[in-house]
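Structure record follows, encoded as structure tokens.
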């Protein structure tokens, strides 16, 4: 397919997503099935166009003064891809399989309009109903923060220290352009271009042998800030597929007792194979069975309970830009209830002097600091570990991290704009 034909396909797909109100991933899958002639490079390029339109959906429509699928695709080419009018016009030449020729109105918009006077939800490309929530956290910086959350994310990897060291593994991934992450001492980063195909990390020998795992640097830091130690009894209460479970196991150096569970047993399915590949031998995976409490034997004896809390996922928008447009106000209320319930479940598991590491991949204060304050009001035996103390586990990076991340009385908030990571909130609570 030519670049112009790919652009036509993207316009068609965006129109389909609008009309059928289906997730972008589903639309892309169905399009690929119906267009078998499209090669893997074509599918990757078209996917990149679709995701970039979703990243800049509001701003592109504002720029073009038109919210049609065509207008948003064309506007995105200027805002996200940095194309000038001549380059866009060359793609939209009305030829076979190409989009229709640019109209005079479209050329004028591309030439003369900008986002200078756009309201924050437009400039930052997020739903208008979320504006007061983001304003509460970021104030006048909310458009800039949201713009960063709409940017393209890199592929981050975590080195499994049970299997190797970063300095040994990095040279073996140089062919993928891997570099050290700026904050995590365990991280590697591969930058991805707009039309970049998946680098096939799952086929790399180091991945197959369990020496590396795919994990955003922010998620790595969240696990590190929990400060799990060898010999401790640690519970991963919302383990899911096991990303942070694996990080905890490496921090514990295979010593101590690690328990992984999740209220949704379906989420736990991948964890067994991942633990085996990573060489983890001290993890007890407890799959829920009906109403039975799988942690009934744990009574005030855990050194650490890590809560990777169910949340709105606002901190991961750059990895799933479709999610922010599909999010509804009611979703926040549901998640707030879920978070309060999991905190209540964690409280009696922690021994005196033990701690809860409360983590979300959200930037909303309702899910973060406010949730922590409400929990402490119900459980005065818990107090927030001073954020400076929490960050001290980052050693020589602690001071720079403290300057970059957003600090509150309850903990740390990482964002794409501030730390170059996904958005993560981390609060460590100590039990008296």
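In this note's numbering, the protein residues as written are 1 to 432.
Backbone N, C-alpha and C define an ideal beta-carbon position, used for all residues, glycine too.
Same chain, Cβ closer than 7 Å to residue i, five either side skipped, listed in chain order
i	result
residue 3	91
residue 100	92, 94
residue 42	1, 6
residue 17	24, 27
residue 305	235, 237, 346, 349, 350, 356
Residues near residue i in its chain [Cβ-Cβ closer than 8 Å; skip 5 each side]
i	result
residue 337	none
residue 411	358, 368, 369, 372, 384, 387, 390, 425, 426, 427, 428
One or two residues paired with residue i in a DSSP bridge
i	result
residue 283	258
residue 431	382
residue 179	189
residue 414	424
residue 213	158
residue 357	306, 428
residue 389	Paired residue(s): none; residue 389 is not in a bridge.
residue 236	260, 306
Coil, strand or helix - residue i by DSSP
i	result
residue 264	coil
residue 97	coil
residue 227	coil
residue 163	coil
residue 290	coil
residue 406	strand
residue 397	helix
residue 127	coil
residue 136	helix
residue 321	helix
residue 199	coil
residue 363	coil
residue 450	With the chain running from 1 to 432 in the structure shown, residue 450 is simply not present.
residue 350	strand
residue 80	coil
residue 39	coil
residue 116	coil
residue 270	coil
residue 54	helix
Local Cβ density within 10 Å of residue i, reported as buried at 16 or more and exposed below that
i	result
residue 236	buried
residue 214	exposed
residue 353	exposed
residue 508	There is simply no residue 508 to check, as the chain begins at 1 and stops at 432 in what is shown.
residue 87	exposed
residue 324	buried
residue 322	buried
residue 97	exposed
residue 281	exposed
residue 310	buried
residue 208	exposed
residue 341	exposed
residue 75	buried
residue 202	exposed
residue 78	buried
residue 53	buried
residue 56	buried
residue 292	exposed
residue 121	buried
residue 379	buried
Cβ-based neighbour list, residue i, same chain, cut-off 6 Å, excluding 5 preceding and 5 following
i	result
residue 176	190, 199
residue 9	46
residue 179	189
residue 242	271, 274
Residue i versus residue j - alpha carbon distance
i	j	result
residue 147	residue 361	17 Å
residue 183	residue 58	32 Å
residue 157	residue 139	32 Å
residue 332	residue 104	43 Å
residue 245	residue 113	49 Å
residue 155	residue 318	12 Å
residue 37	residue 72	26 Å
residue 20	residue 219	34 Å
residue 327	residue 312	8 Å
residue 334	residue 25	24 Å
residue 144	residue 417	8 Å
residue 35	residue 28	10 Å
residue 239	residue 141	33 Å
residue 153	residue 192	7 Å
residue 89	residue 108	12 Å
residue 381	residue 299	16 Å
residue 221	residue 186	9 Å
residue 406	residue 126	21 Å
residue 230	residue 257	9 Å
residue 168	residue 159	10 Å
residue 115	residue 62	8 Å
residue 111	residue 171	45 Å
residue 212	residue 161	9 Å
residue 260	residue 252	14 Å
Closer than 7 Å: residue i CB and nearest the ligand HEM heavy atom
i	result
residue 244	This structure lacks the ligand HEM, and indeed carries no ligand of any kind.
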